[in-house]
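Colleague: Protein chains in written order, with my numbering: chain S, -8 to 98; chain D, -8 to 98.
We put the CB at the ideal spot given by N, CA and C, even for glycine.
Everything numeric in this text was worked out from a predicted model, so none of it was measured.
Quick one: the structure is below, questions incoming.
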DNA sequence: TATATTTGCAACCAATTGGTTTCGCAAATA
DNA sequence: TATTTGCGAAACCAATTGGTTGCAAATATA
């Protein structure tokens, strides 16, 4: 059962969980209260998120607090990097076109 | 059958296709040549990518050229925005802590 | 015109998914 | 000690997934 970050964020509930615990660590029950699902379903999502290291857990008595591993989120950011450079290049090319047009207009 | 960008990029083959056609438009057969799958499998992936508007097609005779809709990729970038602000804040808070420590050391 | 190529689409299949219910364990509380 | 609470894990289920094969339509080529 291989997990990766992209598969983890594919599910909308999981994305909502991520947003929720990004601000502050929460227990599975507390997370479930925010959705229309059972604790068990949330627990399953948390397992998937844990398996791909998107989430950290901290035990406190019988409660387990889950929080987001922000650095892991940067993996997605890193993947986008390649396209960012492309779309910036496209804009630069467009800039060139516009500059040339402008130049021709002034002549 | 609802599609969204996050589900589209969940599949590794689909991510590879995206990277491939980001540089230049390609036909399904040409794309399939780069992978260990059949043309039909690629075609199915392209359908999914088209359904969520991640991909544009341009017919040329009997060939169809697929290219990446770069602006749609920005949707993912936009979702990451919220976390980017959090991790920048965390760094700022860390900076504050370091500054305070430094200040106390100097006293 | 007959044939080959490029493609999308439907039918089908095994594997995976997100969800539920049920269970057992450990920690808190009566 | 007995009960409640918080949790993960297993068993199960319907729906979806990624993949296959087979077909028909349209374009190109002989």
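Alpha carbon to alpha carbon, how far is residue 33 of chain S from residue 55 of chain D?
Modeller: Mapped onto the first chain, residue 33 of chain S falls at position 42. Mapped onto the second chain, residue 55 of chain D falls at position 64. Approximately 43 Å between the Cα atoms of the pair.
Colleague: Flag this pair as touching only if the stretch 8 to 23 of chain D and the stretch 55 to 70 of chain D have three or more C-beta atom pairs under 8 Å; answer yes or no.
Modeller: The answer is yes - the stretch 55 to 70 of chain D touches the stretch 8 to 23 of chain D, with three or more Cβ pairs under 8 Å.
Colleague: By alpha-carbon positions, which one of S/65, S/-4, S/4 ends up nearest to residue 24 of chain S?
Modeller: On the first chain, residue 24 of chain S is found 33 positions in, with the first residue counted as 1. Closest by alpha carbon: S/4.
Colleague: Residues of chain S with CB under 8 Å from residue 13 of chain D, in chain order?
Modeller: Looking up residue 13 of chain D in the second chain gives position 22. Chain S residues near residue 13 of chain D: 73, 74, 77.
Colleague: Taking beta-carbon pairs under 7 Å, can you tell me which members of the stretch 31 to 63 of chain S lie near chain D?
Modeller: Hits within the stretch, in order: 61.
Colleague: Kindly indicate if chain S contains any beta-carbon less than 8 Å away from that of residue 1 of chain D.
Modeller: Here residue 1 of chain D refers to the residue found at position 10 of the second chain. Yes, contact with chain S.
Colleague: Where do the N-terminal and C-terminal ends of the alpha helix (DSSP H) with residue 31 of chain S fall, by residue?
Modeller: Locating residue 31 of chain S in the first chain gives position 40, counting from the first residue. 30 to 42 is the span of the alpha helix (DSSP H), which, as asked, contains residue 31 of chain S.
Colleague: Helix or strand or just coil, what does DSSP make of residue 77 of chain D?
Modeller: Locating residue 77 of chain D in the second chain gives position 86, counting from the first residue. Residue 77 of chain D falls in the helix class under three-state DSSP.
Colleague: Does residue 8 of chain D come within less than 8 Å of chain S when only Cβ atoms are used?
Modeller: Within the second chain, residue 8 of chain D is the residue found at index 17, counting from 1. No, because no Cβ of chain S sits closer than 8 Å to the Cβ of residue 8 of chain D.
Colleague: For residue 36 of chain S, count neighbouring Cβ atoms within 10 angstroms of its own Cβ and tell me buried if that reaches 16, exposed if not.
Modeller: As a first step, residue 36 of chain S must be located in the first chain, where it is residue number 45. Buried: at least 16 other Cβ atoms inside 10 Å.
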